[in-house]
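Written below as structure tokens is the structure these notes are about.
Following this line, the structure appears as structure tokens:
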């Protein structure tokens, strides 16, 4: 159950962070000046920290070491970003992206194997 909570918090964190970093690059998304884009992104990122910090805190408290937490976070980040890029940004997904994601998923295997 503890792993599920950590993964859920990391997923929420990465969904919010994808918006914080990339909401403004969607074609015709905004014509705001960069300083306003930065402030809006910082406000969104503040919400992201409300998920990321507890995920890492509880993950460490429940026995997930820092390397495992970081590698898990990166795989979740790439998975969430791939969906975000295709659905929100209308970016194409190529087979070579899948292969590179699978290589990173292999890193999770090696980080968590006994």
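In the working numbering, the protein residues as written are 19 to 132. The beta-carbon is built from N, C-alpha and C at its ideal position, and this holds for glycine as well.
Secondary structure at residue 109: coil, using DSSP grouped into helix, strand and coil. Excluding residues up to 5 positions away in sequence, 74, 77 lie with their Cβ nearer than 6 Å to the Cβ of residue 87 in the same chain. A check of alpha carbon separations from residue 64 across 32, 89, 19 identifies 32 as the nearest. Residue burial annotation: residue 27 is buried, with at least 16 other C-beta atoms found within 10 angstroms of its C-beta. With fewer than 16 other CB atoms across the displayed protein chains lying within 10 angstroms of its CB, residue 105 is exposed. Secondary structure of residue 19 (DSSP, three-state): coil. Residue 122 and residue 98 do not touch by the CB rule: their CB atoms are close to 13 Å apart, not below 8 Å.
When C-beta atoms of the segment 102 to 117 are compared with those of the segment 37 to 52, three or more pairs fall below 8 Å, so the two segments count as touching.
Rounded to whole angstroms, the separation of the alpha carbons of residue 21 and residue 117 is 26 Å. According to the DSSP assignment, residue 45 belongs to no alpha helix (DSSP H), since it is labelled neither H nor E. From the listed residues 44, 113, 46, 62, the smallest Cα separation to residue 34 is found for 62.
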